[in-house]
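Working notes, structure below.
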Amino acid sequence: MDVLNKLNQQDDINIWDSLIKLSSNKKTLMDEKLSDTPWWVDMEKAIASIYTPNSIKRIVKREAHKKMREWDMDWVKDSPKNQGYADGDAIESLVNALAKTFGVDSDLKGDPNGNTWYLTESHEGKDENGETHTFSGRTDLHSKLREISKKIESYNLGNDVELKPMDTAFTSTLNTAMVRENFGYLVSLYTLSPFSLVSKGNSTALDKVWTDNWNELYQQWKDDKAAYDKGRLQHIFLMSGLMTEFSF
């Protein structure tokens, strides 16, 4: 199964929530001019109605701002066209990570400015710090996806590979033994990827991917693993010999 299809078939909202959050470190910022618009007033009431009567204005605002913090949102002044800023680089960062995993050069830069999702060509714009950048358009994104897709399809990967979001819950359990058993975890650490592409069990489905695109590091990893396994076996044999020697 194609890795892109695997991404497409992730129907667990929690997985996508993890991937998107891990793909961007930008906070969604709403322009302060929106705070007095009928749209935001209605939003405040809708959020607060879950907990309190709509008529209590102070509690309405408190609950609305509590939700903003929960959603990792904040306010900003004088954003371009009062559109605020978003984690608009999340998809581009996700595609960049996938590209690097398969040895494809990719430096897409998503536009964090609000209401820019429809722009098809690369364009200049300012970020929330006022710095000017050249941001990627949808044409750049789709072109890079086609390039990555062709590379992935050339490996004919089957169902013996899986994508694991590198969220806090998982990375807190990730240890040296796991990295030593699956090279995909090491790749994600090198690329700072929001996910790891790993083989299931003892599958060798990804061997050619790693050999073609990560040859030097992959060889070092294999040498380290072989040396470790040999040392462990020597230790086991030594202990077995001692047990035999001192057995009655």
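Residue 118 in my numbering sits at position 113 of the sequence shown, with consecutive numbering throughout.
No residue lacks a Cβ here, since even glycine has one placed at the ideal position from N, Cα and C.
All figures in this text were calculated on a predicted structure; none of them were measured in a lab.
With DSSP run on the structure shown, which of helix, strand or coil describes Lys-105?
On the sequence shown, position 100 is the one that residue 105 refers to. It is helical.
Taking a contact to mean a Cβ-Cβ separation below 8 Å, would you say Ser-193 touches Ser-204 in this structure?
On the sequence shown, residue 193 is found 188 positions in, with the first residue counted as 1. On the sequence shown, residue 204 is found 199 positions in, with the first residue counted as 1. No. Outside cutoff.
Limits of the alpha helix (DSSP H) - the one that Lys-213 falls within:
Along the sequence shown, one-based indexing puts residue 213 at 208. That run of the alpha helix (DSSP H) goes 212–218.
Let me know the secondary structure DSSP gives Leu-168 once reduced to three states.
Walking along the sequence shown from the start, residue 168 turns up at place 163. Reduced to three states, the DSSP call for Leu-168 is strand.
Mark Asp-145 as exposed unless 16 or more other C-beta atoms lie within 10 angstroms of its C-beta, in which case mark it buried.
Position 140 of the sequence shown, counting from 1, holds the residue named residue 145. Buried, since its Cβ has 16 or more Cβ neighbours within 10 Å.
Which of helix, strand or coil DSSP assigns to Gly-206
If you number the sequence shown from 1, residue 206 lands on position 201. Reduced to three states, the DSSP call for Gly-206 is coil.
With a Cβ-Cβ cutoff of 8 Å, do Glu-129 and Pro-117 count as a contact?
The residue labelled residue 129 in the question sits at position 124 within the sequence shown. The residue labelled residue 117 in the question sits at position 112 within the sequence shown. Going by C-beta atoms, Glu-129 is not nearer than 8 Å to Pro-117.
Inter-stretch contact (C-beta, 8 Å, three-pair minimum) for the segment 168–176 and the segment 209–225:
no
For Lys-156, I'd like the list of residues in its chain whose CB is within less than 6 Å of its CB, leaving aside the five on either flank, ordered along the chain.
Mapped onto the sequence shown, residue 156 falls at position 151. Here the set comprises Phe-107, Val-109.
Considering Cα atoms alone, identify which of Trp-219, Ser-154, Thr-139, Lys-105 is closest to Phe-188.
Here residue 188 refers to the residue found at position 183 of the sequence shown. Here the closest residue by C-alpha is Trp-219.
Under DSSP, the alpha helix (DSSP H) around Lys-155 begins and ends at which residues?
As a first step, residue 155 is located in the sequence shown; it is residue number 150 there, counting from the start. 143–158 is the extent of the alpha helix (DSSP H) around Lys-155.
At which residues does the beta strand (DSSP E) containing Gly-130 begin and terminate?
Stepping through the sequence shown from its first residue, residue 130 is reached at position 125. Unbroken beta strand (DSSP E) run through Gly-130: 128–131.
So who's on the other strand from Thr-137, going by DSSP bridges?
Counting from one through the sequence shown, the residue named residue 137 turns up at place 132. In DSSP, Thr-137 forms a bridge with Lys-131.
Go ahead and label Gly-276 buried or exposed: buried means 16 or more other beta carbons lie within 10 angstroms of its beta carbon, across all protein chains shown.
As displayed, the chain neither begins before 6 nor continues past 253, which places residue 276 out of reach and without an answer.
For Ser-198, name the three-state secondary structure that DSSP assigns.
By one-based count along the sequence shown, residue 198 stands at place 193. If DSSP states are grouped into helix, strand and coil, Ser-198 belongs with coil.
Alpha-carbon spacing of Tyr-233 relative to Leu-150, whole angstroms
As a working mapping, residue 233 is identified with position 228 in the sequence shown. As a working mapping, residue 150 is identified with position 145 in the sequence shown. Answer to the nearest angstrom: the Cα atoms are 38 Å apart.
Nonlocal neighbours in the same chain, by C-beta distance under 6 Å from Lys-105, ignoring five residues either side
For the purposes of this step, residue 105 is taken as residue 100 along the sequence shown, with counting starting at 1. Within the same chain, Lys-105 has close Cβ partners Thr-196.
Selected residue, minimal CA-CA separation from His-147, among Glu-126, Lys-235, Asp-217, Ala-182:
As a working note, residue 147 is residue 142 in the sequence shown. Measuring from the Cα of His-147, the nearest candidate turns out to be Glu-126.
Who are the near neighbours of Asp-112 in its chain, counting only those whose CB is closer than 8 Å to its CB and skipping five residues on each side?
Your numbering for residue 112 matches position 107 in the sequence shown. Asn-101, listed in sequence order.
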